[in-house]
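For reference, the structure discussed in these notes is given below.
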Amino acid sequence: MCTKQAESTLLPSYLNEDFIKDTLESHFNGALDGSNNNKVEILECQFERATAEGENFCSVIYRAKVQFRLHGADAENSNEKREITVIVKDVLREIAELGSNELAMYKHVLPEMQKILDQAVEKSEIGEAAAAPKFYANCYFCERNPREIYVLEDLYDADYRSMNRFVGLDLEETKVVLEKLAIFHAASMKYIEKFPTESAALMPSTLANGFNEDVFFNAIVVGGITAATKVVAEWENFEEIANKMRSSVENFDAWAKRVMRPERCRFKVITHGDLWANNVLMKYALEDGKRVPQDAVFVDFQMDFVGSCGYDLNFLLNTSVQLDVLKLHRYELLRHYY
């Protein structure tokens with residue numbers, strides 16, 4: 001058994017081969033027969049940072065490349081060397097202490113939403129080739145005791161890639177994301193109908209009580225808008241815009257309280273809550289030598305809450321879509337989502 005790590009990767013003590021072994025045994029026992037008969041022998045485990053410094057604000061993301069053998073009565077070819085790559089999301093302690101819905105999402109909500117989609121595809125009788133849309137990475141293990149940590153399917157192996165948040169989404173990329181968002185919201189509506197108790201147990205949006213009660217989000221959002229206002233105020237002929245931005249800072253808390261409470265929604269969905277370019281992975285195909293967006297999946301479900309679909313739509317369109325696309329195609333995109 002051998003654990004390696006990239007030279008620039010400093011691992012916390014609890015991320016080691018024993019942790020990966022326990023994770024894989026938990027996954028394979030549940031996936032195969034629900035027993036504890038299947039044992040994992042780690043041959044090699046290599047950790048590396050999966051994202052660059054500054055790419056993730058609330059967690060540290062690692063990639064673990066594992067070689068192992070699976071032993072057990074139900075494991076075929078138990079002496080065969082296997083390989084798997086997983087993503088380990090280690091939530092920062094300060095963020096974990098604030099609480100989120102992510103554990104509930106991975107343990108119950110997302111799997112049940114996937115079942116709803118699977119059943120919908122079966123009932124549609126589209127054909128043998130039809131498959132239910134995938135909108136999240138499978139979770140092999142998750143816990144909050146006391147640390148909050150997730151071991152997830154590495155979607156890089158399935159050819160999904162991160163979006164460039166500095167470039168923004170073009171028209172076709174935005175349409176692909178909106179298609180998946182529409183499916184996500186529709187499945188969540190059925191989930192709310194099927195599991196009213198579990199839905200009601202989800203934490204409300206952080207914004208529902210305004211920012212003043214949350215030091216962390218007050219610093220990020222209000223602090224960010226305030227800093228941006230100071231920059232804009234120094235630009236020539238932007239005084240009116242700067243004044244509007246100052247007004248938004250002063251009124252943001254009241255606006256948030258007014259619009260974010262779920263009882264105000266005409267119909268409710270489970271929102272993603274943080275749907276911007278950083279939290280979307282895209283798969284592309286080559287058509288006539290041109291790279292074309294084919295599918296999208298979402299990551300990071302910390303900010304999910306029951307509320308209006310308009311939150312996700314506004315968040316995505318105003319944070320991640322190229323400006324020219326937004327100016328020329330906003331209503332086309334909204335119709336596409338619908």
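Take the sequence shown: its position 330, counted from the start at 1, is 330 in UniProt numbering, and no numbers get skipped.
All C-beta atoms, glycine included, are put in the ideal place defined by N, C-alpha and C.
Of 132, 94, 280, 288, the smallest CA-CA separation from residue 321 is found for 280.
The continuous beta strand (DSSP E) containing residue 307 extends over residues 305 to 307.
The segment 215 to 229 makes no contact with the segment 178 to 191; the number of CB pairs closer than 8 Å stays below 3. Residue burial annotation: residue 248 is exposed, with fewer than 16 other C-beta atoms found within 10 angstroms of its C-beta. Rounded to the nearest angstrom, the Cβ distance from residue 38 to residue 17 is 17 Å, too far for a contact under 8 Å. The alpha-carbon separation between residue 120 and residue 229 amounts to approximately 48 Å. Around the beta carbon of residue 301, a 10 Å sphere encloses 16 or more other beta carbons of the protein chains shown; the residue is thus reported as buried. In this structure residue 140 is in contact with residue 27, their Cβ atoms being roughly 4 Å apart against a cut-off of 8 Å. The segment 90 to 123 contains, as complete alpha helix (DSSP H) runs of 4+ residues, the segments 93 to 98 (chain order).
One alpha carbon belongs to residue 240, the other to residue 338, and they sit about 35 Å apart.
In the same chain as residue 303, and ignoring 5 residues on each side of it, the C-beta atoms closer than 6 Å to its own belong to 273, 274, in chain order. Closest in alpha carbon position to residue 136, among 148, 145, 156, is 156. Note that the segment 282 to 298 does not touch the segment 258 to 267; fewer than 3 beta-carbon pairs, one per stretch, sit closer than 8 Å. Residues of the same chain with a CB within less than 6 Å of the CB of residue 278, apart from the 5 flanking positions on each side, are 165 in chain order. Note: residue 179 is not bridge-paired with any residue in the DSSP secondary-structure output. For residue 71, the secondary structure class from DSSP, reduced to helix, strand or coil, is strand. For residue 118, the number of other beta carbons within 10 angstroms of its own is below 16, and it is reported as exposed.
Rounded to the nearest whole angstrom, the C-alpha separation of residue 116 and residue 133 is 11 Å. Taking the CA atoms as reference points, residue 189 sits about 7 Å from residue 270. Distance from the CA of residue 200 to the CA of residue 107, rounded to the nearest whole angstrom, comes to 16 Å.
Within the same chain, and ignoring the five residues on either side of residue 91 in sequence, the residues whose Cβ sits closer than 6 Å to its Cβ are 59, 148. In the DSSP annotation of this structure, the continuous segment of the beta strand (DSSP E) that includes residue 282 starts and ends at 280 to 287.
Burial state of residue 167 is exposed, judged by a 10 Å Cβ sphere holding fewer than 16 other Cβ atoms. It is roughly 48 Å from the alpha-carbon of residue 82 to the alpha-carbon of residue 261. Take residue 51, set aside five residues on each side of it, and the residues of its chain with a beta-carbon closer than 7 Å to its own are 61, in chain order. The residue among 93, 258, 196, 68 with its C-alpha nearest the C-alpha of residue 208 is 258. Spatial neighbours of residue 242 in its own chain (CB-CB distance under 7 Å, excluding positions within 5 residues in sequence) are listed in chain order as 229, 232, 233. Distance from the CA of residue 176 to the CA of residue 114, rounded to the nearest whole angstrom, comes to 18 Å. Shortest Cα-Cα distance from residue 335 to any of 293, 174, 285 involves 174.
Here residue 85 is bridged, per DSSP, to 65.
Excluding sequence positions up to five before and after residue 21, its CB lies within less than 6 Å of the CB of 40, 42, all in the same chain and listed in chain order. Non-local beta-carbon contacts of residue 84 in its own chain, meaning distances under 6 Å to residues more than five positions away in sequence, involve 66 in chain order. Within its own chain, the residues whose Cβ lies closer than 6 Å to the Cβ of residue 101, once the five positions on either side in sequence are excluded, are 202, 203, 304, listed in chain order. Scanning its chain for C-beta atoms nearer than 7 Å, with the 5 sequence neighbours on each side dropped, one finds no residue around residue 97. Residue 238 has its alpha-carbon roughly 44 Å from the corresponding atom of residue 88.
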